[in-house]
Structure formats: structure tokens, C-alpha cells
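Visitor:
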Amino acid sequence: MKAKTLLLVLLIVAALVGLWKWRSSHDPVGKVRQSLEELRTLVCFERDESPITKESMIQKILARVSKDITLEVNLPSAGQGLVSGREEFREYLRLGRYRSEYLRLALFDPKVTLGDNSTSAEVKATAKADTNLYKDSYWQEIVLTFIREDGSWLLKRVTTVKTWGR
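In the working numbering, the protein residues as written are 8 to 173.
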């Protein structure tokens, strides 16, 4: 009897997981969140990452950004900067990945807003970065813009948001 009950519970859990995955695959907001999480995971790295792995991860990140990616940064500790295009973005990724020993990135409370015809989306979030380059965790408000191309959500723009006191 216990075996049948356990089997029934496992089947129900499997059905719920399947329903959740099916629903999220047909939900544009869910797809944007999934793309955001994939990018966040790829950007993070730990100590002792080999050069081959570094380059592989950079290529995976570049596959998830648009050709005309723009990164507009205004940080109190680093000043202002603008990165335009995939090639310049690649060099920026290399610089960060080779200069830092590790990077851990967390995104808190991402709010996704779909644009017209669900072909673009804006994500507002609070980012927390931990790296060996800074003693303390670095917190920053960011806005990310995604566009839908060939069924995939690609990152088109990242902008830091100036907050009170900065």
C-alpha cells in the first residue's frame, strides 16, 4: 500500500513539474526570466577557471546577446563607460574574466515588463556582485532590455541606474 501511495505522489509531482515547464515555455515573461537566469549563471565564475573554460563561457554569453549590445555603466568606483557592439562587449567580458579571480552575481526581485507585440522586454532588478576586486559586496540597480529574435530572447542593453546618495 505504501508503495502505491509513493508511486502516486511521484506521478503527481512529475505531472505538476511537467505542467509548470509547459506553461513557462509558452509564457513570454517566463522565457525572459529563463534567459536572464541563463545569462546570470554564465557570467558567474569561480577561482581556477581554465583559459579554455573562460573562452567557452564568453562564447556562450555572446550567443545570448544581440549584435548591437550596449552596456552603459555609471559606477561611483569606476566612473562612466559605454560598450557598444558584440566585439567590444567580448573584450569587456575577457577583461573581467581574466582580471578577476571569481565573480558571484545575484539578481533580486527582477521585474519583467513586456514591450509592444511581446518582441521586447525590460527587466529592472537589483544586482549584488561579489568579487576579489572589492572587499565588500557591490550592490547596483540595473535595467536590462531583451529583444526576441528567431524565437530567442537576446540581451540588447544593460544600464546602471543612479540611486540616491551616489
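Cβ coordinates follow ideal geometry from the N, Cα and C atoms, glycine included.
How about TRP255 and SER42: do their beta carbons lie closer than 8 Å?
Guide: Within the shown structure, residues of the chain are numbered from 8 to 173, placing residue 255 beyond reach of any answer.
Visitor: Any idea if THR12 is buried or exposed, counting beta-carbon neighbours within 10 angstroms, 16 or more meaning buried?
Guide: Exposed, by the Cβ-count rule.
Visitor: So THR167 is in the beta strand (DSSP E); what residue range does that whole segment cover?
Guide: 159-168
Visitor: In the DSSP assignment, the alpha helix (DSSP H) including TYR99 goes from what residue to what residue?
Guide: 93-106
Visitor: Taking its Cβ as the centre, do 16 or more other Cβ atoms sit within 10 Å of ARG106, making it buried, or is it exposed?
Guide: exposed
Visitor: Just reading off the alpha helix (DSSP H) that ARG47 is part of, what are its end residues?
Guide: 35-50
Visitor: Grouping DSSP H, G and I as helix and E and B as strand, with all else coil, what is ARG173?
Guide: Note that ARG173 has pLDDT 48, beneath the 50 cutoff, so the model's placement of it is unreliable and no number is given.
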